[in-house]
Each structure stands twice: as structure tokens, then as C-alpha cells.
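Under mature numbering (1 follows the signal peptide of the UniProt record, and there is no 0), read the sequence shown as residues -21 to -1, 1 to 378, first letter to last. Structure, as C-alpha cells:
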Amino acid sequence: MKIISLLLHLTVSAYVQQAFAWPGMRSTTSDIRRLSIRQTAEPPKQLIGDLLTLTDSQLTPIGKDIKAILLTTKSGESSTIDTTIPANLGSSACNADTCCVWKWISYDMVAKFNGTSGRCTKYARGAVRLGFHDAAAWSNTSAYGGADGSILLTDEINRSDNNGLADIASAMKDWYNKYHQYGVSMADIIQMGATIAAVVCPLGPRIRSFVGRVDNPKAAPTGLLPDVNDSADKLIKLFQAKTIDAHGITALVGAHTTSQQHFVNTSRDGDPQDSTPGVWDVQFYGETLSSPPPRVMKFASDMKLSKDSRISDEWNQFVGGQAHWNADYAQEYIRLSLLGVNNINKLQECTKVLPPAVTSFSAPDQVVLNLWLQGQYNQLSSYVDDAVLLTGFSTTTGP
Ligand code: HEM
Ligand SMILES: *[C@@H]1O[C@H](CO)[C@@H](O)[C@H](O)[C@H]1NC(C)=O
Ligand SMILES: *[C@@H]1O[C@H](CO)[C@@H](O)[C@H](O)[C@H]1NC(C)=O
Ligand SMILES: *[C@@H]1O[C@H](CO)[C@@H](O)[C@H](O)[C@H]1NC(C)=O
Ligand SMILES: *[C@@H]1O[C@H](CO)[C@@H](O)[C@H](O)[C@H]1NC(C)=O
Ligand SMILES: *[C@@H]1O[C@H](CO)[C@@H](O)[C@H](O)[C@H]1NC(C)=O
């Protein structure tokens, strides 16, 4: 380990000198510094599932790629896209291509996740959270659980942990009923839903997406999901037992950038966790540390995490660090989406069915949103939840 980090340091300084005259130098050097910090300050990333026992010579090209993503030597993002219209659902051409049915599923999901304002809808956010709650009901001592579809194949969804997921649960079950006959598992529908949702949200990462997970009609073990009142230490330990380290939690909780809570405080129904719900930006990281507009409701867990010494450095790097955050979120979400999956080496990739990433965004209705963020117009909360464009709404107060 010592030798590796020393070598990395040498390569880094050589690279930095070489890059000295480039206009892009700032981001290049900070990216490299980040890599070297990661190499020296953190224990190595853990492998999971069948990758724990397979030797490199036994790995398929996909198995190799996933291993490299888990070890953070390869990016978890991809812009590979297939813009052709897929063959008809159920046709022999479609049946012969693993990703064909997923292209149709992607069309259905995008229609539900994309709002007329260009923000992503409550269904998109629900899909990200649902993907988390199916997969994270697993720990390194569980004999079952994880990304196995059980959250919707059993009564798991009724557990209080899953309050707020009813609408997305019902949409996912409809998709399952429509597409299961073409060979797709509930586990994959849920995890593809989470990655399609992330990229539909403006500024969201385009996460490499794999299919072939096996369903388990058995409810996951209980007590494995985080609680909003947990201490930072409890949360860090909970995630550690899922092989997700402190940096991993830091990247993953950023998903609250899109969120609007309904059950943490029911008298603040629809209040967002940063000032730009439905947008996958880094406002959440800065606003959790500061005093955002009054309608923004920070979660106790997020505030505690942001201040913990194992987390705060990375948290601060994400403030203003969109590309860094997207890159880390993609790698960590791929890990999360494979917890409890024991056939990683046999998965297939269907990233190409995802819609393109939206790399810049400016809300056309920001003036109205700002009034709402100040605490006015409670009735708009449900429109924001649906990501509709807030037009036909007068913002002038006098003649
Ligand atoms: C530190 C651990 C975490 C805690 C304690 C936590 C807790 C919560 C709570 C209480 C809500 C609000 C539910 C409601 O009242 O409607 C929520 C929403 C959400 N969470 Fe988390 N969460 C955590 C980590 C994560 C992670 C790792 C992800 C995804 C990778 C995630 C994704 C989301 C999303 C997208 C929403 C918004 C759902 C919506 O707008 O309907 N959370 N979370
Ligand atoms: C989402 O909706 C916006 C606004 O209506 C539109 O510009 C964009 O193309 C849509 N995105 C996708 C992937 O369909
Ligand atoms: C779970 O909730 C659904 C919908 O509210 C209800 O129909 C069902 O009976 C519940 N199942 C259990 C075991 O409580
Ligand atoms: C968290 O703590 C608050 C304040 O003490 C309490 O009102 C709330 O019910 C708790 N929430 C949960 C999910 O335990
Ligand atoms: C599970 O994870 C915890 C926390 O990282 C670790 O202490 C423990 O040794 C792991 N157990 C197994 C069986 O891998
Ligand atoms: C919930 O919100 C209400 C209204 O803002 C506030 O008075 C109350 O203290 C909050 N409850 C908790 C547990 O934070």
C-alpha cells in the first residue's frame, strides 16, 4: 500500500508539472489531489458478491468492468446511447436483444419521471429512494436481502421505513405486470428505475446500468435501513456493514438534493431538502451547512453527517463540485445496486437505453419558486412535487 501511494505521488507530481501550462489545470490538479488523498487516507474499497471469489481470469468483460468500478479505478458514468427505435415489443427481433425490452421500459419511465418544468417528478425521486431501500436491506452478515425485488414482491413496502414510497411502488408494480412476461425481474426494474430517474433529473449522472439480477420473494431482514434521528456514528457503522464507506454515504445522501419530505414532519408536507427540488445539483451540500430559505427542511441525519470528521472533508468538496459528486455518486450507486447480488459476473449492460444527460439547467419559473421557498403559496408544493411548470401564476402583488 505504501509503495503504491508513493508511486502515485510521483506520477501525480510529474503529471502536474506537465500540465502546468494548460487552461484546464485547476480541475486536473484538484482531481488528482483528490485521487491521491483517497489512496492514502482510506482503506481500500471492498468487493462484493461473486466478485469476492472469482479470479481475474474467470471474469467476463462486464465482471471486469464492475470490479474496476467498485475499486474506483474506472468511471461509473457513460454517455453510450442508442437513439434508434427498438423493434416491436414481443417480436423475435426484440426477444433476441436483451436491451430491447429495456428501451421500451425506459420510454415509459422517462414519461413518468420528466416534468413539464424540466425538473424531475416525485416519481423519479421515489424511484431513486426505492432503489436504495430494496438494495440496502442487506448487510455483510445477511444470507439474503439486497437488490432482489423483495420490497415490492412482499409486504416490505408497508414497513414504516418505506413511508412515502406508495406511489412509486404502484407505478413499478404496473411496469412489472406489463414487462415481466418479457423476462425482466422486479429487482432489475427497480434498479433501472433508479438510474433512469437520476439521469432524467437535470444535472444528474448517467450511471452505467446492468441487468440480470435474480428476484427473491422473501421479505428482507429488518433493521437495516437508516433512521432520520440516527447519530452519524450509527449511520456510518450501518453503511460500513453494507461495504459502503464514509465517502460512499457522503456521495449517496446527496440524492436528497431532489427530495421533498412528507412524513418526517407532516405539518411541513412537501417541504424540500434544498432550494432546488427536482434538480440534481449540489445545492443540498452547501445548504445543509448554512441557512437556506425558510421552506427548506434539513434532515437531522444530514446535518449530523455533514459535521462528522469522517465525512465533512468530502461533504465540503461536493459544495460547488458537481462533476466530482456525479462521478462519486455513480460509482457508489452501482455498488449499492449490487448488494446481495451473487451473479455480478453474468450481468449484462443496458446503459444505452438511458436518455441523454441534461448538463445545464435554469428553471424557467424560478421567480415563483423563490416565493414558495420563502414560505408563501403552500398550495404550490404539490405542483412542485409533480415538477409542472409554474405558469399562469401571477407574481405581482399590487396594481
Ligand atoms: C443517511 C441515511 C438516510 C436517511 C436517514 C434518509 C432518510 C430519508 C427520509 C426520512 C426521507 C423523507 C421521506 C418522506 O418523508 O417522504 C428521505 C427521502 C429521500 N431519500 Fe433518503 N435517507 C438516507 C439516505 C438516502 C440515500 C443513500 C438515498 C439514495 C441513494 C436516498 C434517497 C432519497 C430520496 C431520493 C428521497 C426523496 C423521496 C421523495 O422526494 O419522495 N436517501 N430520506
Ligand atoms: C423532459 O422534458 C423537458 C421539458 O418538457 C424536455 O425538454 C426534455 O427533452 C424531456 N427529456 C426527455 C429525456 O424526454
Ligand atoms: C400493506 O398495505 C396495503 C395497502 O395499504 C394493504 O392492502 C395490505 O393489506 C398491507 N399488508 C399488510 C401485511 O399489512
Ligand atoms: C425523530 O425525533 C423527533 C424529535 O425528537 C420526533 O418528533 C420524531 O418522531 C422522531 N422520528 C422518528 C422517525 O423516530
Ligand atoms: C462486516 O462489516 C463490518 C463493518 O465493516 C466488519 O467489522 C465485519 O468484519 C464484516 N463481517 C464480515 C463477515 O465480513
Ligand atoms: C414540524 O413543523 C412544525 C411547523 O413548522 C413545527 O412547529 C414543529 O416543531 C416541527 N416538528 C418537529 C418535530 O420538528
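C-beta: ideal position from N, C-alpha, C; glycine also.
How many angstroms separate the CA atom of residue i from the CA atom of residue j?
i: K46; j: N74; result: 29 angstroms
i: T34; j: P40; result: 13 angstroms
i: V107; j: A366; result: 16 angstroms
i: T59; j: D209; result: 39 angstroms
i: T220; j: T370; result: This sequence places Ala at residue 220; Thr is not what is there. If I take the Cα positions, the gap works out to 47 angstroms.
i: E293; j: T338; result: 22 angstroms
i: G94; j: H226; result: 31 angstroms
i: Y123; j: A199; result: 7 angstroms
i: L231; j: G42; result: 23 angstroms
i: D146; j: F278; result: 22 angstroms
i: V261; j: Q301; result: 6 angstroms
Between the Cα of residue i and the Cα atoms of the options, which residue gives the shortest distance?
i: residue 398; options: G249, A234, G128; result: This structure does not reach residue 398, given that the chain is present from -21 up to 378, and the question cannot be answered.
i: G110; options: G28, L204, I48; result: L204
i: S316; options: L131, P23, Q170, P65; result: Q170
i: S164; options: E21, G143, P23, T77; result: T77
i: T330; options: A177, D206, S361; result: A177
i: K24; options: L50, D44, T32; result: L50
i: D364; options: T133, L217, T255; result: T255
i: I223; options: E311, G97, C79; result: E311
i: S96; options: I27, S341, D29; result: S341
i: L348; options: D61, R98, T52, T201; result: R98
i: T62; options: Q358, D344, P335, D153; result: P335
Using three-state DSSP, classify residue i as helix, strand or coil.
i: L369; result: coil
i: I186; result: strand
i: P271; result: coil
i: P40; result: helix
i: C99; result: strand
i: N295; result: helix
i: E21; result: coil
i: N349; result: helix
i: Q327; result: strand
By a C-beta neighbour count over all protein chains shown, 10 Å radius and 16 as the cutoff for buried, is residue i buried or exposed?
i: S36; result: exposed
i: M282; result: exposed
i: R5; result: With a pLDDT of 39 at R5, under the threshold of 50, the modelled position of that residue is not reliable, and no figure is offered here.
i: V179; result: buried
i: G162; result: exposed
i: Q240; result: buried
i: G299; result: exposed
i: F242; result: exposed
i: I228; result: buried
What residues in its chain sit with their C-beta under 7 angstroms from that of residue i, if we drop five residues either side in the sequence?
i: A72; result: A66
i: G238; result: Here the sequence assigns Ser to residue 238, which means Gly is not the residue at that position. Excluding positions up to five away in sequence, the list reads R104, P251, Q252, P256.
i: G354; result: P273, R274
Given residue i, which residues of its chain have a CB within under 6 angstroms of its CB, disregarding the five upstream and five downstream residues?
i: G183; result: A177, W259
i: G143; result: H241, F242
i: A309; result: G55, E56, P184, I186
For residue i, is the beta carbon positioned less than 7 angstroms from some heavy atom of ligand 7?
i: Q240; result: With respect to ligand 7, the structure shown offers nothing to examine, as its ligands consist of ligand 1, ligand 2, ligand 3, ligand 4, ligand 5 and ligand 6.
Might you give, ordered along the chain, the residues of its own chain that have their beta carbon closer than 8 angstroms to the beta carbon of residue i, omitting 5 neighbours on each side?
i: V275; result: D250, P251, Q252, D253, S254, E266, L352
i: Y158; result: V80, W83, I84, I168
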